[in-house]
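S.K.: Take this structure, written in structure tokens, and hold onto it; I'll ask about it next.
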Amino acid sequence: MSEGIIRTGAVILAAGLSSRMGRCKALLEAGGASALGTVSCTMRLCGVEDLVVVTGCHRDQVERETVDCGGRPVFNERYEEGMFSSVRTGVAALSKEVEAFFLLPVDIPLVRKETCRALRQAFVEHPGTAFVVPSFRNKKGHPPLIASKLVPEILEWSGDGGLRAVLSRHERDSVILETPDQGVAIEMDTPEEYENLYSLAINRRIPSMEECLAFFELCGTPSRVREHSVAVAKVAIKLADNLKDLFPLEPDSLRAAALLHDMARAEGNHAEKGAAILEKWGFPETADLVRFHMELPDDEPLLSRRSLLYLADKIVTGTNVTGLDRKRRDMREKFSGDPAALEAASRRLAKARRIAVAFEDCTGRKVRDVLNPPTQV
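Using this note's numbering, count along the sequence shown one by one with no gaps and you end on 409.
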């Protein structure tokens, strides 16, 4: 293994009866394609070279979908014996050149490619690792990335507990990777679970509320900063609601960015640091808003998602809506001995004022009247 590169395979388990769902789970839509299609695409995008799909029940349909997705179907004649029989069938079919392999049930289709890349990087950074498993908010999920050196043991294992029991024998040589990816813990065994998963899949480009909380935890965001961010999000959404008939501002996207704009506040250059973290985990759109919440580009329109987040952040002090006049007085006091810092702060507040005026001209409403309780802006 050199320069962070390993030959990686994947075993996708798609042999089950789908009895609780009542339909073939591999073919259900998830993320704009079939669950199997979504999983296959994720694996290819994260560099998987050997993609094995274990079929069983619904064999013909799943095999056709597998071939269409560029995978290699392998039939498990003993699929009715349970999941571990499919694990062994898939593992036995992997290329001998593979150094590690992902193992993923097809009914957990929303795992991000960035998560799989992070798992592979963690595997490389910990030589001798038996497996790396992702976790979401301290709950282990899928897919584990398993060292190929465990293949003989998996194939020979005849004890109870299946793969979980095999992996438990190697806990000391394992790595748990905390991620902000809710997809590692969301499955679809029942129609109700599928509805929840489908709702999440529609907006995968935007962090869910649970994922926002996970980012706070990963960054160690202090509670006071979290509370400030909640207040900023409320203001930003109120402003956006008054413009919804005029501009497509996507409130869900704005809300997530407002919640996360200060998540890296404890670090220097926190706007850029926060944006980089969001980009790493697959949220470039949210990263863009976070990156510019402190300083807007000179050519930024006065009414945009970036501008509304910028204005909301300037209006809120702590958890209180204090307004721009109060913020100006506070800045003069805070930077009284630092003319350069005072000039920069005054420039930012002047831009916020221009955004507020544009909002009022467009909506015919004063910002102070939009916010509740009314405040001087």
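We treat Cβ as the ideally placed atom computed from N, Cα and C, and that holds for glycine. Here the structure is a predicted model, which is why all the values come from computation and not from measurement.
#1: Taking 8 Å as the cut-off, does the region 258 to 274 touch the region 393 to 404 (at least 3 CB pairs, one atom from each stretch)?
#2: Pull up the CB-CB distance for Thr161 and Asp205, whole angstroms please, since I reckon it's below 8 Å.
#3: Go through its chain and collect everything with a Cβ distance to Ile238's Cβ below 6 Å, but skip five positions before and after it.
#4: With a floor of 4 residues, list each alpha helix (DSSP H) that falls wholly inside the region 57 to 117, ordered by position along the chain.
#5: Buried or exposed: Ser368, going by 16 or more other Cβ atoms within 10 Å of its Cβ?
#6: My output table needs one value for Pro223: the three-state DSSP class, helix, strand or coil.
#7: Indicate whether the contact test is met: 3 or more Cβ pairs, each with one atom in the region 319 to 335 and one in the region 164 to 179, closer than 8 Å.
#8: Helix, strand or coil for Ser339 per DSSP?
#9: Going residue by residue through the region 152 to 227, where are the continuous beta strand (DSSP E) segments of at least 3 residues, counting only ones entirely within it?
#10: Taking a contact to mean a Cβ-Cβ separation below 9 Å, would you say Thr74 touches Lys145 in this structure?
#11: Would you tell me roughly how many angstroms separate the C-alpha atoms of Arg104 and Pro137, rounded to the nearest one?
#12: Is the beta carbon of Val399 closer than 9 Å to that of Ala382?
#13: Using the beta-carbon count (16 or more within 10 Å), is Pro329 buried or exposed?
#14: Would you mind working out which of Phe133, Gly396, Arg385 sits nearest Lys346, comparing C-alpha positions?
#15: With Ala290 and Ser261 assumed to form a contact (beta carbons below 8 Å), what rounded beta-carbon distance in angstroms separates them?
#16: Report the option in Leu343, Asp320, Gly215 whose CA atom is closest to the CA atom of Ala390.
#17: Nearest to Leu177 by CA position, among Gly41, Gly314, Thr395, Glu249, is which residue?
#18: Throw me the rounded Cβ distance for the Val106 and Ile186 pair, which I believe falls under 8 Å.
#19: In this structure, how does DSSP classify Ala296 when only helix, strand and coil are distinguished?
#20: Rounding to the nearest angstrom, what Cα-Cα distance links Glu109 and Phe155 in this structure?
#21: To the nearest angstrom, how far is it from the Cα of Lys276 to the Cα of Asp393?
#22: Thr351 and Ala263 look like a contact to me (Cβ under 8 Å); what is the Cβ gap, rounded to whole Å?
#23: When burial is assigned at 16 or more other CB atoms within 10 Å of the CB, is Leu68 buried or exposed?
#24: Please tell me whether Leu126 and Gly102 are closer than 9 Å, where the distance is taken between their beta carbons.
#25: Would Ala233 pass as a contact of Gly63 if the rule is Cβ separation under 9 Å?
#26: Kindly indicate which three-state DSSP category Val43 falls into: helix, strand or coil?
#27: Answer yes or no: the CB of Arg338 versus the heavy atoms of the ligand SAH, is any distance below 8 Å?
#28: Considering only their Cβ atoms, is the gap separating Val183 from Val85 smaller than 9 Å?
#29: Assuming Val322 and Leu292 are in contact, meaning their beta carbons sit under 8 Å apart, how far apart are those beta carbons, in whole angstroms?
#30: Only counting the same chain, and skipping five residues up and downstream in sequence, which positions put a Cβ closer than 7 Å to that of Leu250?
#31: I need the straight-line Cα distance from Ala372 to Glu365, nearest angstrom please.
#32: What are the start and end residues of the alpha helix (DSSP H) that includes Leu381?
#33: Span of the beta strand (DSSP E) holding Leu136?
#34: Which same chain residues end up closer than 8 Å to Pro223 when comparing Cβ atoms and leaving out the 5 residues on each side of it in sequence?
M.R.: Based on what the coordinates show:
#1: The answer is yes - the region 258 to 274 touches the region 393 to 404, with three or more Cβ pairs under 8 Å.
#2: For a cut-off of 8 Å, the C-beta gap from Thr161 to Asp205 is around 6 Å, short enough to register as a contact.
#3: Contacts found: Asp284, Ser285, Ala288.
#4: Taken in chain order, the complete alpha helix (DSSP H) segments of 4 or more residues contained in the region 57 to 117 are 67 to 77, 91 to 100.
#5: By the neighbour-count criterion, in which 16 or more other beta carbons inside 10 Å mark a residue as buried, Ser368 falls on the exposed side.
#6: Of the three classes helix, strand and coil, the one that applies to Pro223 here is helix, per DSSP.
#7: Below 8 Å, too few C-beta pairs join the region 319 to 335 and the region 164 to 179 to call them touching: fewer than three.
#8: The answer is helix: DSSP assigns Ser339 an H, G or I state.
#9: Entirely contained in the region 152 to 227, the beta strand (DSSP E) runs reaching 3 residues are, in chain order, 163 to 168, 177 to 179, 206 to 211.
#10: For Thr74 and Lys145, yes; Cβs fall inside 9 Å.
#11: Their Cα atoms are separated by approximately 15 Å.
#12: Contact flag unset, no.
#13: Of the residues assessed, Pro329 falls on the exposed side of the cut-off, its CB having fewer than 16 other CB atoms within 10 angstroms.
#14: For Lys346, the nearest C-alpha among the options comes from Arg385.
#15: About 7 Å separates the two Cβ atoms, so the contact holds.
#16: Nearest C-alpha to Ala390: Leu343.
#17: Measuring from the Cα of Leu177, the nearest candidate turns out to be Gly41.
#18: In fact, because the Cβ distance is near 15 Å, the residues do not count as touching under 8 Å.
#19: In the structure shown, Ala296 sits in coil (DSSP, three-state: anything other than H, G, I, E or B).
#20: Here the alpha carbon of Glu109 sits roughly 32 Å from the alpha carbon of Phe155.
#21: Their Cα atoms are separated by approximately 15 Å.
#22: Rounded, the Cβ-Cβ distance is 5 Å, consistent with contact.
#23: Leu68 comes out buried.
#24: Pairing Leu126 with Gly102 gives a Cβ-Cβ distance that is not under 9 Å.
#25: Taking 9 Å as the Cβ cut-off, Ala233 and Gly63 qualify as a contacting pair.
#26: In this structure, Val43 counts as strand in the three-state DSSP scheme.
#27: Ligands are entirely absent from the displayed structure, and the ligand SAH is therefore not among its contents.
#28: No; because the gap between Cβ atoms is not below 9 Å, this pair is not in contact.
#29: Indeed, because the Cβ distance is near 6 Å, the residues count as touching under 8 Å.
#30: Answer for Leu250: Glu210, Pro212, listed in chain order.
#31: Approximately 14 Å, taken between the alpha carbons.
#32: Note, Leu381: alpha helix (DSSP H), 371 to 395.
#33: Unbroken beta strand (DSSP E) run through Leu136: 132 to 137.
#34: Exclusion of the five residues before and after Pro223 leaves Met53, Gly54 as the residues of its chain whose Cβ lies within less than 8 Å of its Cβ.
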